[in-house]
Structure formats: C-alpha cells, structure tokens
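Protein chains: 4
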Amino acid sequence: MAGSTYGTIFKITTWGESHGKAIGVVIDGCPAGLPLCENDIQRFLDRRKPGQTAYSTPRKESDEVQILSGVFEGKTTGTPISLLVENTSQRSHDYSQIASCYRPGHADYTFDRKYGFRDYRGGGRSSGRETIGRVAAGAVATLILKKMGIEFTTFTRSIGPISIQEENFDASFIFQTPTLMPDAVAGRQAEEYLKECMKNHDSAGGVIECRVTGLPIGLGDPVFEKLDANLAKALVSIGSVKAFEIGDGTLVSTLKGSENNDEFYMDNERIQKRTNHSGGTLGGISDGDTLLMRAYIKPTPSIFSPQQTVTSAGEEVTINIQGRHDPVIVPRAVVVVEAMAALTILDSLLLNMTSKLDSVVNFYNRKE
Amino acid sequence: MAGSTYGTIFKITTWGESHGKAIGVVIDGCPAGLPLCENDIQRFLDRRKPGQTAYSTPRKESDEVQILSGVFEGKTTGTPISLLVENTSQRSHDYSQIASCYRPGHADYTFDRKYGFRDYRGGGRSSGRETIGRVAAGAVATLILKKMGIEFTTFTRSIGPISIQEENFDASFIFQTPTLMPDAVAGRQAEEYLKECMKNHDSAGGVIECRVTGLPIGLGDPVFEKLDANLAKALVSIGSVKAFEIGDGTLVSTLKGSENNDEFYMDNERIQKRTNHSGGTLGGISDGDTLLMRAYIKPTPSIFSPQQTVTSAGEEVTINIQGRHDPVIVPRAVVVVEAMAALTILDSLLLNMTSKLDSVVNFYNRKE
Amino acid sequence: MAGSTYGTIFKITTWGESHGKAIGVVIDGCPAGLPLCENDIQRFLDRRKPGQTAYSTPRKESDEVQILSGVFEGKTTGTPISLLVENTSQRSHDYSQIASCYRPGHADYTFDRKYGFRDYRGGGRSSGRETIGRVAAGAVATLILKKMGIEFTTFTRSIGPISIQEENFDASFIFQTPTLMPDAVAGRQAEEYLKECMKNHDSAGGVIECRVTGLPIGLGDPVFEKLDANLAKALVSIGSVKAFEIGDGTLVSTLKGSENNDEFYMDNERIQKRTNHSGGTLGGISDGDTLLMRAYIKPTPSIFSPQQTVTSAGEEVTINIQGRHDPVIVPRAVVVVEAMAALTILDSLLLNMTSKLDSVVNFYNRKE
Amino acid sequence: MAGSTYGTIFKITTWGESHGKAIGVVIDGCPAGLPLCENDIQRFLDRRKPGQTAYSTPRKESDEVQILSGVFEGKTTGTPISLLVENTSQRSHDYSQIASCYRPGHADYTFDRKYGFRDYRGGGRSSGRETIGRVAAGAVATLILKKMGIEFTTFTRSIGPISIQEENFDASFIFQTPTLMPDAVAGRQAEEYLKECMKNHDSAGGVIECRVTGLPIGLGDPVFEKLDANLAKALVSIGSVKAFEIGDGTLVSTLKGSENNDEFYMDNERIQKRTNHSGGTLGGISDGDTLLMRAYIKPTPSIFSPQQTVTSAGEEVTINIQGRHDPVIVPRAVVVVEAMAALTILDSLLLNMTSKLDSVVNFYNRKE
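In structure tokens form, the structure reads like this:
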C-alpha cells in the first residue's frame, strides 16, 4: 500500500512526482450538483505557488489545473473528478550529487531502503509538490462546506521564535503579508528573522493554526474515528509537521480540571460553552464551537551550508545543496493545512448523516 | 460508521460500554502460529487496572480476560481472536443527576446530539473502560513485535508542571512508582502535587512518552499513510489526548535547519544518524532509529467541586459529581499509549512486506 | 487479513469456530434508535437451527443469542452491538481421523497450507456455524430495512434436479415445508429425492432465490461498487455457493437485445419497466423494481460413503466420515442468503445518502 | 462513495467519462522494481479496442496510453502509477434525443434518479470506455503475476446459443478469430449468428471463461474475503455481467456429493485433486489447481430497432438509437474479465504474505 488514498466517502487519490510529467488527484464520492470550474480550484492552488515573495523559492511554477472528468455543464456529476497539473518548470539540472547522497532531514535514505531505489530528481514523491493534489481536492471540499456555513481561517501563528499576539489578531492581514500572519507587528519581525536566516544560509520552521466555524454538532465518531484523531492524522501526514494540537493542546497537561473544563450555559435558548479549551470537540465529536488546531512545522531541511552525510554506497561525504529552496515553508503550507482540515471535516460530515435511524428513515420516506 | 475498527491487516474491533454486560475486542488478521494464553494478555490489562495506588480510583475492577476464539492448542490459528472482559463491579447507583445533566469536559452533550440519546450510566461508550479492548489487542501486537526485536519503553514524562529530568532517567523506576515516572525525584514531587490536587477536589493532566527500539527501516508509506501520521491518529484517538509529538515535536518550530537536521555517518559499516531530532522517521518512513512520540493528556474532567452546567432540557444547574474518579489518568493511560503504538507499528510492518517486487517474488518462489 | 469484517458504514465483524467456546458478531455503525431485543434476533437464528426436520443434522444446537452491548433501554445507541452465542452442544468426540486427513470438498487442505495448521474439530472457522454471526447481524439489518418498506422473500428454488414451477409459486408455503419451497408439489418431490440421497449415503445441492421489494431507486454506485457486484460477493462468500445470478442471470447470454431489454412506460405518473429481465438494477444501481438474485449451492461435502483422500503427511487413505451432517444445506442456508442480501442492501442505502449535494445541504440545514 | 477504487494493497482508482477529455487510472501500491513501459500496457488495451472486426463498433479509438508517474528509469518506484488515455474520437454529434430519453437496458434512468442529472453524451461514466482503466491496471497486474508463473487463458465460451465444445478446445485459436473462441467450428457458427443479429438490427450476449494456472495455495481468506467471493464481485462489477460461476458453477446444484467432491491423491510427492469440480478453491482459498470462472454477458442494450420508453419528463416515446454500437460486446470484454481476475488475484497474493507468523518473522530477520 503506497498510501495515496485518503477519506472514506469523499475519497481522494493523489499521484505524481516533482519531476515527472504531471501531478494530480482523483476525487471520488463528491456529491453531484456542485458548480465547479478550473478557477475555483486555481485560486486555492495559487495560495501555495512559489516565487511570490522574497521568502519562498524563486522557482516559477505556473501550476495550472485542468479538470479532466466528473464535471458536466458546469456541475459535478457524482463521478470521479480528475484534476491534473503539468510539471512545466522542473529544471533537468545535474542531479548526480543527490542521486547517490542522502540529504539530511530528507526522505532519500528511507525511500531507498524501503523500495530499493528512488526517483532522485528533487524529492520525487516526497517533494512539496506532492501537496498540489491535496490542495486541489481541498478547494472542492471547502466549496461544499461553505454551502453549509462552514468557514476556515488559517494562518501562520509563528515563524521561528516570533509568534503572533492574540491581542493584535486581525484576520484581514493574513493575505496582505508574505508571512500570512494576522498580526502586522509579528509579521514584520518574522520577515527580519527570515532575512537573517537566509543571510546565514539557514532555514526556519513555524506554526500554522486553523480555525473552523459553523460546524454542526456531531461530527466524528467515538473511539478510533474521533474527529480530532482524524485531524491529527490529516495534519501530521503533511511533510515536515512534527506536532499536532487541538484546543489548548500541550498546555492542558499542566492545567487542573477546574481550569480546563468548559462550563455550559444557556445563551438565547442555545447551549454554549463559556470557554473553548476543548478546541471544539468533546469525546472526539464536534461540539458546535470553533474547531481550533495547530501544526508545528520543522525548518526546511534543504539549507545552503555544507553538511556531513553518507552516500548510498556507504561513503562519508560533505554535501552542498544547490538549487532553489524555500527558507521557510510555513506560509506556503498554510493552504495545505486548510485543505487537509477541510477534507477531513467534509468526510466526517458525510459519514455523520447515518447516525440516527430517524434521519435515515425520513431521508428515504421524503424522497418520493 | 461508529468507528470501532482499527487497522488494515492486523485489524481490531472493540465493543462495550462501561456499564453493559461486558467489554471486548475482536482481533482479525493476526498471523497464525503465535503462542498465546490469557495470562499474556492479563499482564497488559493489569497495567491499566484501577485501585492499585492512592492516585487512581478506588473502584475494584478485576478485569479478567477470556479468549473465546482464534487460539487452538495454545497458538493463534489465523482466524479472529475474540477477547472478552466482564463488567463485574459497575455499581448500579443513582444516575438520575447525570442522566439529564451535561458534565463539563465529558462527551455527554455531543453524544446526545449525535445519536439522539445516550447510555448515561458512567461514560457509556466514551468511558475509560473503552480502552480495555485496545490494551488487550495491544498485548498481542507487542508479543509479535518482540519476536522481531522491537521493544517499547513507555512512561509518564510529566504530571501537571512536574516533569522528569533527562539526566535522572532510569527506566527501571517506571514500574516501581505509582506515577510510572522513570525519575525518582520527579516521581516524589508529582505525588506531592497529586495529593494537593486531591485535597482541593481537583485533578491533574500530564504527558506520556513512548520510545520504540529495534524497528526495521521502511515502515510507513509516503503521503497519507506516513508512520507518524498514523501514530498521531492512534494516540489522539485515546480519550483526553489533546496533542501529539514525534521526535523534537513542537520544539522544531523554533529551530533552524542547521540545528534540526540529523547528519548521517557510518558506524561499523552501518548508516546512522548523529542525532535523532526526527524521532525515528524521515518522510513518514521509519529510519531505524528510536521512534519517540508523546501524548499530552488533559486533567480528568470529573472533579469534586461544584460546576455550572445545563440539562438536556436547557436549564442551567450546578452539578456535584459523585463517585470514584481518578485524580489523574496519566499513569493508567501509559499502557494504552503503548498498545496503540504497538498496533499501529505492527500494521505498518505487515503492510510493508509488499514494497519491493523482489521480496514478493522471492516469498512465493521460496514457498514450495 | 483474515477477512471477517464486512460493510463500509453498517460494518459487521464475525468471530468463532464451530468447537470453540462461543461464536459471535460485532455490528458497528448501526444507526441509533432502533428498538432491539434478543427475541428479534433469535427469530432469525432459529431459521438456521439444525435438528428441526428429517433433512437436517440431528445435532441439537440451542443457539441462544445474548446482546452484550450497544442497546440501552431497549434501543440501539449507535455504538457497537456485540452478539454472542455459546457453543453448547459440540460433542468432543474423537477427531483423530480428520485431524490428519483432508476431507474432500472441505477446506482442511487449504487451511493447513495457508496457516501452517488448523483447528481440526469440525470445520473450525469454515464450519457452517460461522454463518451464525451473519444471520444475527442480518436480523438487525432487515429490521431497519422494514422501516423503509423493504421486504424479503427468500426460499429454496430447487433441490437437486427438482425445481419449483413459477405457476405454482405460493410464498405462504415457504415456512410450512421442511424444504422451504414455495411450491407444494415440488416440495414433496424434493423430499422424496432427499430420502433417496440419504438412503444412498449421499447428499444434494440446490438453488436459493431472494426477492426484495420496496427498494428506493439509486442504491449502488457505478463501476466497482455496483449493487449487483456487492450482492455477488455477499452470496458467493457463503460457504458452498458456486454461482450467482441477478435477474435473468445465465439465461441472458442466449437472449437477443430485443428480448432482454426492459422497456419503460408510465403507470399512474410513475416510471415503470414492462418486464424485469434486469432483476432490479440498471448500470449497477437499483431501478426500483423487485431485486431478484440466486445462489447455487453445492451438495454437502460430508457424505457417509468411503472416499479416497490423503493425510497431511502425504499418505493415501480411505476416509469414512462419521458424525451428524445435513444431507442438504439449502433450506438452512436460505436465511443466510437473506441476511447477506440485507446487510449489503442496508450498507448501500446508507452510503447512497450523500449522492446529491442538495440532499446533504438540506440534511444539515434542516437539523437546527 | 462513487465506488471507483478497487483493491486493498494493489489499489486502483479509475476515472473518466466516454465523452470527457480523457480516461485514466491510478495504481497505488504496486511493488517497486517492475520493468514497465507504455507498450506493456498498450498491448493489453489493444485487445479491447473497437473497430478491429466486423462484429465490433466501427468507431476508431486509438486509445494510446501515457504513463504520467510512478515509473523511473524504466521501473516502477512503489509510488502511484498514473495512466491516461485521451478521448480523441468521441463525435460531438446530436445528443438531443438521448439527453431526455431513458434508453432501455442502459443506466440513464438510474443515474438521473441517483445524482439528479447525468452526462448524457454516450454512456458517460457507465460507458464501456470506463473499462479502459481496469484493463490498463490489469496489464500491470498480469506482468507481476507472470513473474511467479501465474498465467491466464481467457476466451469467449459462447455467443448467443453457440458454445465451444470442450473436445475442440485449442487455445491457439483464441487470438486468430474475431470471436475469441478457442474452437474454430463454434467460432464460424458464432459469426453466422452475429451476422444474422446485425441484419435484424439486434444484438447478442455470451459467456466469457477465464482459467488461471500456477497459483500458489492459500490465496483468499475465510468468511467474507474468500477468493471466489472477490472474483464474483470483480466480474459482476463489469457492466452487462449478470451471472458468475466458479468451477462447475450452476451445475453443482443438481449434483450429488459423491459426484461433486474432488478426491485427493498423491502425484509424485505432491497432493493433487483427481477432478476439479471446485474450480481451484476450497473454503474460499486457492487449492493450487486451475482457477476457473465464467461471466455471463447480456446482449448489447443499444439496438437499432425502435423501442418504447419514456422521457425524464414522464412522456412515453419511441426511441431509435443511432450511432455506432457493438452487436456483441463479448469478444471485447474478454480482456476486461482477465484484467479484473488478475487485479483480484494479485491483491489476494499480496495480502496472503502475512498469514503465518514464521513467514513474517523470517521476512524481517532476513532483511538485514
């Protein structure tokens, strides 16, 4: 199992290597009747496009998406939606060094040992370009969720040691800065930090936060298919993510029950929680409050300083990575986090329709 | 989908509520030929039994496991292994208060809304007793992994603000203290902290760490089925876990690439990493190094102070939780984390056998 | 993968060997709110109980089902329903002969080779008792389907060369005869045929037909998850089934398009098919007409005449099968066919709820 | 779930409509190291190409396959293999009639009702062109199986009432005749029959048989994942298949146990069956003998005589189907049956590697 399929009802299958002919995704199980055109998806893809700021790789990738199936007269038909992006700008430069060397922090070594050999041009299947399929499918998922009033706010929470301040939070800043931080002050500091990193031929990590509003109560299932468990898998499956949090996350380990419990109260005939330490789930099931999760991203492993490593033949060598690499991937990964969250939530939402017998019976008795 | 099945090849299905007749698990896909008896599983279950220390609920649960199928003449046969534990000591006391109230921090509210009603005796399906099936199945998984030299060291890393010190780490302490901390000094401090919590009718959270040695290289698949992604789901699917880390975890977001990359070198003809910031995976695939993960556990939501909440009918009320509850669940959850890690690793290991065509061809040509 | 789990949303996992302590099934994903008690299931199980007629094994198996979880105050809660039947009447007689011999027509040989050894008492996992779990789960599925007006008529179509005549068809006969044939004349002839078989220490096969009415249009998905494809798997997965038909089945291969096409017409504002050669599906999707399928059952392999075979050590021997065996399993398998059909249809029905975006949006917007 | 993914380890996802831009398949989980080029796949695809004989549609479809990912330096890498065929020759003629009419025997009606509307150009997703993805993936599966000595002989067994005679069977004829019948006499008679059908503006059905040799013992799992159950699903999932048989198939229902049991004997130190009524499986597990299965195909529903039907608006109309349609699809479907059988067998073979603990332990201990 190469593990390229995700989801139970809204199921996506991604394919493609960074230096192959193309990259794509097949979406199976999309409900019929969604208006969809290339532009709807392109807008999402453009959010991960490189070459847009001083802090991302200067590679130019136009990444234009084509819809090959599943849409007829402007609407989804219920059959698989095949989306394809050609790999137009991958330079066929000299890969002789990395063909035999294992780059520290990359998957070269483990791929070689698992499969016996690997596509050594760029990252192959474990390149960041792998996320194109996720983002294209995520665009479709968010369009569907929007119809039910479910909205995403996803942004850079921190870069290196520079974190946003909650009191400065202003979502309107997100798309106005190269860092995608909703805090103008922190954003400027982060830019300084990145410039320093680049000057030192080094790279930075950071934290991405995703907030989702408008969720119905009841998404997620007890035990193994908890909504937060699936979100954890979704986000940690993104290359470079090393930690996942929901709600107060790591902080809860130091709190007391009296501090961490969210009390219920009535607000205008509706049940509400006074606080949201839980981050929007109770017992793994959405509680109607804002869903809040975070992904911790490691610094880009491709740095421009010499590093010690070994070759596949077992020789110790010094490697000097060439090429065009992002000093930080966090801003470009924001839309990937949003896409994975949307795919996971949509699948939970579709699966949840059968939780009550009454709903099922009404559904079919209503139909004719 | 109620979400009670886990795994692709080594697949488990758990069932049972805290106050039903019994709780159990069916293990399907266990390879044939493993010597297995009740005692092998009981040893694991006893690690989560309550009533063993001053810091766990005084409820007595004997939790004796029975093997109902899948074992013949002392060995697994390849057919489903059905394991059952009777619920002998659940008191049928008065549930009238919690039957209609939503306890803060519990799943009462979300279950009611998802399913239309719920088993209000204890936590029902979302009780901590749900983990019995996970632990019983995990016992079988660890026995298999042990045959390949794969070993687990799982322990309490912190309780509330009290954390172990790496320099004091001594694994032999783990099973000698009620906290399961491998640091005698921190263990005593944690006990003091817990006593204080109990005096204040409050509860504590903490962190569990799991280290796995002896893993082959190659477990986990690129993209969605990364080993760390599946471990994230496995651990966050345990009730009360709010964050997951692999390797340096949240810390990586503040490091630079030059600090976080693990350089390779040759040690006695074998490729090794000089450091293990990655925590044993590269590109989502095991790299042969120690696999290191952590789960952050929230404080027990059942506390003995009055709390504000609402009833299912929408009345605001004050709730005073009665009964026997753990002031901290971290020590009892240690074996649950180990079980979930073992189940996930074993499934990856079985799935990995088909990664190379040569291995497949040799397997069948060797057979006859 | 031992293959004991079936279904995507309404998912069942069966376990147990013929001579183990018990046999059971876990139903996961049953919608909450279905009234359910042991009797509802027992009625179904009694339909497969042996010892009821002259033409089934005289073994007495009381096969009393217990509900261990998932039902609270008389209704399903949405959590796993664990059902268990104890193996009370399995005689521990002498198995020394079949322990080492491969019985012709049985799975002894293939189990031994696949797993390295086997539970040789009775058929172990491949015994007919394996179907208890299917039937118990099927009972729950039919109760749900009944709420939507979906009804099953399942019966013996033929035994050996004796087949019912369509013009004599009378469903009220089915439960009045030991053969479960809806044709009194054919039923009597079949009884004569079976008596002859028994006198000759031989056994008979036959055909089971299942007709389902009241199905909504739209169940089943294009391509691999066609409704008829899943029914084919469901029925052929029952031990001894060697052929599957839908609608006119094998006959269609000799028909012309003009004979086989079902023309549409309007009947009282509703679209109807003038004939039902298709058997209720078009393009793998239910068309609202009666779903009609058949399973062809081989003669019981356990016969009381001497047979040539080999031992696991590779010696040629003559085997004389002892014990209590059905001269024909067809009547007892009728309820198994019905159960598998019901499980498959219910799962398709639950999966079909997400086919249209409008339905999904309305479902959630209606909810609050 | 639109049902376009098939397989557990060797998993394929097909996409595309008859009149969209392209049709394709993603193969995930293909073991690394298989030499693969476009030609290997093209040879298989050419076997289903139309326009090659007098008895298939005169449409010209070049159907040239492109490999877009998963192959590097001529070998599979273990990552998804994306295969694409452009839809070059679909005429954009006038679909106004079938856009609103439900063609008898087609999926028009059920698609409309399930999804709310449909791609009415040709059959859309339920067109025969859908099988291109299956065949392309099946080509890869057969290449892998061949490395283990597993070979397929698939052919037309009958067309209409004309069936091959076992005594005339000569596999070398298969690819020399337009009917793909391994019996020259029957082949000529079938051609006469087809000419007659065409003259009468009618169509014919038939039977396809697939024989597989060289299978290891042990493929398939007890209970739901029997090898024959999965083959049943695989073959019935092909459009127009209305019945499935394994071994003696429907015939067994009329046989006695003494006639149908296959006795074992020793042949040169190996266990063999004296007959093969079982068709190569016992208890759902391959027994090492020739696997033999059959698919019964209905006559092409598109016929050139007027038919009564209704429009989506509920008006009764007469339809005269235009265009280019096969008078019989059996010969073109032969390779589709072979592909589905190969995919199913390969997946069972990969899943079977974990049945014995010893094999698993040896696999990993051997590795380093």
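Residue numbers (the numbering used here), protein chains in the order written: chain E, 1 to 368; chain C, 1001 to 1368; chain R, 2001 to 2368; chain H, 3001 to 3368.
Think of the CB as a built atom: it goes at the ideal place given N, C-alpha and C, for glycine as much as any other residue.
As DSSP reads the structure, residue 2101 of chain R sits in a beta bridge with R:2311. Taking all protein chains shown into account, residue 224 of chain E has 16 or more neighbouring C-beta atoms within 10 Å of its C-beta and is therefore buried. The residue among H:3327, H:3322 and H:3333 with its C-alpha nearest the C-alpha of residue 3099 of chain H is H:3322.
Not flagged as an interface residue toward chain E: residue 2344 of chain R, since no C-beta distance is shorter than 7 Å.
In this structure, C:1301 is the residue among C:1038, C:1301 and C:1009 with its C-alpha nearest to the C-alpha of residue 1201 of chain C. With the rule of 3 Cβ pairs closer than 8 Å, the stretch 1226-1240 of chain C counts as touching the stretch 224-243 of chain E. Around the beta carbon of residue 3228 of chain H, 16 or more other beta carbons lie within 10 angstroms, which makes this residue buried. Residue range 2330-2351 is occupied by the alpha helix (DSSP H) that includes residue 2330 of chain R. Shown here for residue 3011 of chain H: same chain residues with a beta carbon closer than 7 Å to its own, the five before and five after excluded, namely 3005, 3028 and 3029 in chain order. It is roughly 48 Å from the alpha-carbon of residue 1360 of chain C to the alpha-carbon of residue 161 of chain E.
Within chain H, the C-beta atoms nearer than 8 Å to that of residue 1365 of chain C come from 3148, in chain order. Residue burial annotation: residue 35 of chain E is exposed, with fewer than 16 other C-beta atoms found within 10 angstroms of its C-beta.
In this structure, residue 3069 of chain H sits near residue 17 of chain E, with a CB-CB distance shorter than 7 Å.
Bridge pairing for residue 264 of chain E: E:273 [DSSP]. Cβ-Cβ separation between residue 2283 of chain R and residue 2291 of chain R: approximately 14 Å, too far for a contact (criterion under 8 Å). The Cβ neighbour count for residue 3295 of chain H, taken over all protein chains shown within 10 Å, is at least 16; the residue is labelled buried. Distance from the CA atom of residue 363 of chain E to the CA atom of residue 1104 of chain C, rounded to whole angstroms, is 33 Å.
Between the alpha carbons of residue 2127 of chain R and residue 3352 of chain H lies a distance of about 21 Å. Here residue 2066 of chain R carries a strand assignment [DSSP, helix/strand/coil]. Restricting attention to H:3311, H:3297 and H:3342, the CA atom closest to the CA of residue 3110 of chain H is found in H:3311. Residue 2076 of chain R sits in a strand when the DSSP states are folded into three classes. DSSP places residue 2246 of chain R within a strand segment (E or B) once states are collapsed to three. The beta-carbon of residue 356 of chain E is placed less than 7 Å from the nearest beta-carbon of chain R. What residue 3249 of chain H touches in chain E, judged by beta-carbon distance under 7 Å, is nothing: the nearest beta carbon there is about 33 Å away.
For residue 3142 of chain H, there is no enclosing beta strand (DSSP E); the residue is part of the alpha helix (DSSP H) that begins and ends at 3131-3146. Residues of chain H whose Cβ lies closer than 7 Å to the Cβ of residue 33 of chain E are, in chain order, 3116. Counted as a single uninterrupted DSSP element, the alpha helix (DSSP H) harbouring residue 1227 of chain C occupies residues 1227-1236.
Closer than 8 Å at the C-beta level to chain C, one finds these residues of the stretch 2005-2036 of chain R: 2005, 2008, 2009, 2011, 2013, 2014, 2015, 2016, 2017, 2020, 2021, 2022, 2023, 2024, 2026, 2028, 2029, 2030, 2032 and 2033. For residue 353 of chain E, the nearest beta carbon of chain R is closer than 7 Å to its own beta carbon. Judged by pairs of C-beta atoms under 8 Å, the stretch 128-148 of chain E touches the stretch 329-344 of chain E, as three or more such pairs exist.
Considering only beta carbons, no part of the stretch 2096-2110 of chain R lies closer than 7 Å to chain C. Counting along the chain, residue 3027 of chain H sits inside the beta strand (DSSP E) bounded by residues 3022-3028. Of all residues in the stretch 2061-2082 of chain R, only 2076, 2078 and 2079 come within less than 8 Å of chain E when Cβ atoms are compared, listed by chain position.
Residues of the stretch 2133-2157 of chain R with a Cβ closer than 8 Å to any Cβ of chain C: none. For residue 1188 of chain C, not one C-beta of chain R is nearer than 7 Å to its own C-beta. Not a single C-beta of chain R is nearer than 7 Å to the C-beta of residue 1129 of chain C.
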